[in-house]
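See structure below.
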DNA sequence: CGCACCTTTGAATGAGATCAAAGATGGTGG
DNA sequence: CCACCATCTTTGATCTCATTCAAAGGTGCG
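Chains as they are written, first to last, in the numbering used here: chain A, 1 to 244; chain B, 1001 to 1244.
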C-alpha cells in the first residue's frame, strides 16, 4: 500500500530543498493508495466531495458538461499532479474527473490540508504558487481556444502534454497519448472530424508522426511556434517563507 | 491616503468573522493608494513585476496578446478583487492589466504575502480558496468560449459581471458597462461585428435593454439559462483553520 | 472472429469572420 | 458653448473555416 516515496515531494523538490519535516508532511498525504480503472469516474460534477488526490500513476481528465450536450475538457492530469483542489473552495465538485488509463491515486481529505496550512507555511506558499501556475495555464488554454484557429489549438494541446511529460522523462519524444480524437476535440473546442484533419495536416507537414495512439515529436520548435505556447512549469521561489 | 476600511477584509468578512488581528493584517495590504487613469496599464505581459494590487474603485481587465495580433481578455476585475496574484508564481507578468475606467488600487509587494502566510493561516487558506474559486470561474469561461455559440458566450459574460456587481449592490439592475464591443469580443472569442449582432438579438428578445453603454437586465433567469451560468461566489469554509 | 468503438475521407451546410461604409457618441480645444 | 475629430456602433454583403451528415476502413478486446 504505502510507499515511502512521495510524487508531490519530488515535484516540489524541484523548486526548493525540502526539510525532513516537510517531506514527511507531504508523504502523509500519499499514505493511502487507490487503484482506478480506465474509464472510471473519480469525481462527479455537482456531487458532494471533500476528497483530494495526488496522482501517482496514469492519466486523468477533468471536464464539465454543458447544457447542450457539449463537453469541455479543462485539464489532463499526470503523475505528480494534485487533483480536486477545488474541494477547498466548493462542497460540490465543479468538474468531473475520469481516468483515461488505469491509474493509481492517493486520496486525502481537506482537513489534512488544514493541518498543512497550520504547520507548514512554506509548503502552503508552494501550494498557492502551484495553483496560480495552473490558473495561468488555464488562461493560456483559454487564449488558445478563444483566439486561434483549429490547427494551433491542437498544437497547443500537444505542447502542453509534451512539456509536462518531459519533466519526468526528459529523453522520451514518442508518447502513447490515451486520448480519442473526440476527447482532443472536447479539449480544444473542435469536432472529432476536424481534429482528425488537423492532426493529419501536422503529420503531413512533418511536425509530428502518428502510429496508432503513439505520437512522436519531429519538430518541437515548429510545434511550439504554431501553438504560441509558453512553458509555465518554472515558478518563482524568492518570496517564499523560510523553511520551518 | 490610507483609509481604515479594507475592501478585501469586507469581502472575506462575508465568509468568516474576522478577528481584529486578521482585519489589521488585511488593512495593511491596503495602506497605500494609487490612482490609475482610464486606459493606463498597470502590469504588462512579459515585464518583471512583483507587485500585487487590491482594487478599491473602478474596473480593470486582464488580457494576453497572441502572436497573430489577437487578444484574449481573461477577466474583468472589480472593487474588492485581488490583482496580479500570478506574481507569486512568476517573476514576469503573464498578463497585461489595463484600467477600463479611472480606478484606485492598493499596491503591495509579494513579501507582504510571505508575512501573511507566516502569521495568518486562516487568511492564507481563504486566499487559496479564493484563488481556486477564480480558477473555477476561468474554467467556466473556457467551457463557454470552447463549447457554446456566440449568443450564449455574450450571455455568460453579462452574467459574470452582473453576479459580481450584485454583491456590493444587490438592488442595481442597470449598470454602466465600460467595455467596447471589441473588448466584449476579445473576452468571448468573437469579432466586434458579431458581438453587436448578438447583443441586438438579446435586446430584441427582451432579455436586456441597452442605452449607450448602460445595460439593464430585464430577464435575469432567461439570461442565466441561455448562458448555462453557475454562480461561484460562495465558497466552502468548514475546513478552514481556526482563527488565530 | 465478431462487435463496439475509433479513425478516416468526402460532400454539403452553416455560424461566425471579413470587408466596407454609413451613423452615433463623446471628449477636447477653441 | 459649440464644433470637430476620433472612436465606437450599426448594418449589409460576401466569404471561409469549421460543423454536420454520411459511410467506408481500422483496431482491439471479449
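Using N, Cα and C, we set each Cβ at its ideal position, and we do this for glycine too.
*Might you give, ordered along the chain, the residues of its own chain that have their beta carbon closer than 6 Å to the beta carbon of residue 1209 of chain B, omitting 5 neighbours on each side?*
As a first step, residue 1209 of chain B is located in the second chain; it is residue number 209 there, counting from the start. If we look at residue 1209 of chain B and ignore the five residues flanking it on each side, its Cβ neighbours are 1216, 1218.
*So what does DSSP say about residue 136 of chain A, is it helix, strand or coil?*
Stepping through the first chain from its first residue, residue 136 of chain A is reached at position 136. DSSP places residue 136 of chain A in helix when its eight states are reduced to three.
*Per the contact definition of three or more C-beta pairs closer than 8 Å, is the segment 78-92 of chain A in contact with the segment 101-117 of chain A?*
The segment 101-117 of chain A vs the segment 78-92 of chain A: in contact.
*Grab the span of the beta strand (DSSP E) containing residue 158 of chain A for me, first residue to last.*
On the first chain, position 158 is the one that residue 158 of chain A refers to. Unbroken run through residue 158 of chain A is the alpha helix (DSSP H), 150-168; no beta strand (DSSP E).
*asked:* Rounded to whole angstroms, what is the Cα-Cα separation between residue 1139 of chain B and residue 1157 of chain B?
replied: Position 139 of the second chain holds residue 1139 of chain B. Position 157 of the second chain holds residue 1157 of chain B. Distance between the alpha carbons of residue 1139 of chain B and residue 1157 of chain B is about 13 Å.
*Checking contacts by CB at 8 Å: is residue 1141 of chain B closer than that to chain A?*
Here residue 1141 of chain B is taken as the residue at index 141 of the second chain, counted from 1. For residue 1141 of chain B, the answer is yes, since a Cβ of chain A falls inside 8 Å of its Cβ.
*Three-state secondary structure assigned by DSSP to residue 1101 of chain B*: One-based indexing of the second chain puts residue 1101 of chain B at position 101. Note: residue 1101 of chain B maps to coil in three-state DSSP.
*If we cut at 8 Å on Cβ distances, does residue 196 of chain A have a partner in chain B?*
On the first chain, residue 196 of chain A is found 196 positions in, with the first residue counted as 1. Taking CB atoms only, residue 196 of chain A has no neighbour in chain B less than 8 Å away.
_Proximal residues of chain B, C-beta to C-beta of residue 108 of chain A below 7 Å_ = As a position in the first chain, residue 108 of chain A is number 108, starting the count at 1. Close partners of residue 108 of chain A in chain B (Cβ separation under 7 Å) are lacking, with about 12 Å as the shortest Cβ gap.
*Run down chain B in chain order and give the residues with a C-beta less than 8 Å from the C-beta of residue 44 of chain A.*
Within the first chain, numbered from 1, the residue matching residue 44 of chain A stands at position 44. Under the 8 Å cutoff, chain B gives no residues; its nearest Cβ is about 15 Å from residue 44 of chain A.
*Report the residues of the segment 81-107 of chain A with a CB closer than 8 Å to any CB of chain B, ordered along the chain.*
Of all residues in the segment 81-107 of chain A, 85, 86, 87, 88, 89, 90, 91, 94, 95 have a Cβ within less than 8 Å of some Cβ in chain B.
*Go ahead and label residue 231 of chain A buried or exposed: buried means 16 or more other beta carbons lie within 10 angstroms of its beta carbon, across all protein chains shown.*
Residue 231 of chain A sits at position 231 when you count from the first residue of the first chain. Exposure of residue 231 of chain A is indicated by the presence of fewer than 16 other C-beta atoms within 10 angstroms of its C-beta.
_the segment 1072-1079 of chain B / the segment 1184-1191 of chain B touching (three or more Cβ pairs under 8 Å)_ = Contact holds: three or more Cβ-Cβ distances are below 8 Å.
*Mind listing the chain B neighbours of residue 113 of chain A? Cutoff is C-beta to C-beta under 9 Å, in chain order.*
On the first chain, position 113 is the one that residue 113 of chain A refers to. Within 9 Å Cβ-Cβ: 1125, 1128, 1239.
_Segment limits, beta strand (DSSP E) that includes residue 93 of chain A_ = Numbered from its first residue, the first chain carries residue 93 of chain A at position 93. From DSSP, residue 93 of chain A is part of no beta strand (DSSP E); its letter is neither H nor E.
_Classify residue 1170 of chain B: buried if its beta carbon has 16 or more other beta carbons within 10 angstroms, exposed otherwise._
Mapped onto the second chain, residue 1170 of chain B falls at position 170. The residue in question, residue 1170 of chain B, is exposed, as its Cβ has fewer than 16 Cβ neighbours within 10 Å.
*Could you tell me which of A/136, A/119, A/152 sits nearest to residue 233 of chain A, measuring between CA atoms?*
As a first step, residue 233 of chain A is located in the first chain; it is residue number 233 there, counting from the start. When only C-alpha atoms are compared, the closest one is A/136.
*Among residues of its own chain, excluding the 5 on either side of residue 1178 of chain B, which ones have a beta-carbon nearer than 6 Å to its beta-carbon?*
As a first step, residue 1178 of chain B is located in the second chain; it is residue number 178 there, counting from the start. Same-chain partners within the cutoff: 1059, 1100, 1101.
*asked:* What does the alpha-carbon distance come out to for the pair residue 166 of chain A and residue 240 of chain A?
replied: Position 166 of the first chain, counting from 1, holds the residue named residue 166 of chain A. Position 240 of the first chain, counting from 1, holds the residue named residue 240 of chain A. Residue 166 of chain A and residue 240 of chain A have their C-alpha atoms spaced approximately 26 Å apart.
*Alpha carbon to alpha carbon, how far is residue 1123 of chain B from residue 1027 of chain B?*
What you label residue 1123 of chain B is simply residue 123 of the second chain in a count that begins at 1. What you label residue 1027 of chain B is simply residue 27 of the second chain in a count that begins at 1. The C-alpha of residue 1123 of chain B lies about 12 Å from the C-alpha of residue 1027 of chain B.
*Closer than 8 Å to chain B by CB, residue 134 of chain A*: Indexing the first chain from 1 puts residue 134 of chain A at position 134. It does: the Cβ of residue 134 of chain A has a partner Cβ on chain B nearer than 8 Å.
_Candidates B/1029, B/1081, B/1228, of which the one nearest residue 1115 of chain B by Cα_ = The residue you call residue 1115 of chain B lines up with position 115 of the second chain. Out of B/1029, B/1081, B/1228, B/1029 has the C-alpha closest to the C-alpha of residue 1115 of chain B.
*Closer than 7 Å by beta-carbon distance: list the chain B residues that pair up with residue 117 of chain A, in chain order.*
Locating residue 117 of chain A in the first chain gives position 117, counting from the first residue. What residue 117 of chain A touches in chain B: 1121, 1124, 1125, 1241.
*With a 10 Å radius around its C-beta and 16 neighbouring C-beta atoms as the bar for buried, classify residue 176 of chain A as buried or exposed.*
Your numbering for residue 176 of chain A matches position 176 in the first chain. It counts as exposed.
*What do you get for residue 80 of chain A, buried or exposed, if any count of 16 or more other CB atoms within 10 angstroms of its CB means buried?*
Position 80 of the first chain holds residue 80 of chain A. Per the 10 Å Cβ criterion, buried.
*For residue 214 of chain A, the first and last residue of its enclosing beta strand (DSSP E)*: Residue 214 of chain A sits at position 214 when you count from the first residue of the first chain. 214-217 is the span of the beta strand (DSSP E), which, as asked, contains residue 214 of chain A.
*Test: residue 189 of chain A CB closer than 8 Å to a CB of chain B*: The sequence position of residue 189 of chain A within the first chain is 189, counting from 1. Yes - at least one Cβ of chain B is within 8 Å of the one on residue 189 of chain A.
*Should residue 98 of chain A be labelled buried (16 or more other beta-carbon atoms within 10 Å of its own) or exposed?*
In the first chain, counting from the first residue as 1, residue 98 of chain A sits at position 98. Note on residue 98 of chain A: 16 or more other CB atoms within 10 angstroms of its CB, so buried under the neighbour-count rule.
*asked:* Spatial neighbours of residue 201 of chain A within its chain, please: C-beta separation below 7 Å, excluding the five flanking residues on both sides.
replied: Counted from its first residue, the first chain places residue 201 of chain A at position 201. The residues are 151.
*Would DSSP call residue 1208 of chain B helix, strand or coil?*
By 1-based counting over the second chain, the position of residue 1208 of chain B is 208. Here residue 1208 of chain B sits in strand by DSSP.
*What residue range is occupied by the uninterrupted alpha helix (DSSP H) comprising residue 51 of chain A?*
For the purposes of this step, residue 51 of chain A is identified with residue 51 of the first chain, where counting begins at 1. First-last for residue 51 of chain A: 51-57, but that is the beta strand (DSSP E), not the alpha helix (DSSP H).
*Of all the CB atoms in chain A, is at least one closer than 8 Å to the CB of residue 1013 of chain B?*
Here residue 1013 of chain B is taken as the residue at index 13 of the second chain, counted from 1. Any Cβ of chain A closer than 8 Å to the Cβ of residue 1013 of chain B would place that residue at the interface, and such an atom is absent.
*Any idea what DSSP makes of residue 17 of chain A, helix, strand or coil?*
Here the question's residue 17 of chain A lines up with position 17 in the first chain. In the structure shown, the three-state DSSP call for residue 17 of chain A is coil.
*With a 10 Å radius around its C-beta and 16 neighbouring C-beta atoms as the bar for buried, classify residue 1221 of chain B as buried or exposed.*
Translated into positions along the second chain, residue 1221 of chain B becomes position 221. Classification of residue 1221 of chain B: exposed, given that the 10 Å Cβ count is below 16.
*Looking at the C-beta of residue 147 of chain A, does it have a partner C-beta in chain B at a distance below 8 Å?*
Locating residue 147 of chain A in the first chain gives position 147, counting from the first residue. Answer yes: the Cβ-Cβ gap between residue 147 of chain A and chain B drops below 8 Å somewhere.
*Look at the alpha carbon of residue 196 of chain A and the alpha carbon of residue 31 of chain A, and state the distance between them as a whole number of angstroms.*
Start at 1 with the first residue of the first chain, and residue 196 of chain A comes out as number 196. Start at 1 with the first residue of the first chain, and residue 31 of chain A comes out as number 31. Rounded to whole angstroms, residue 196 of chain A to residue 31 of chain A spans 42 Å at the Cα level.
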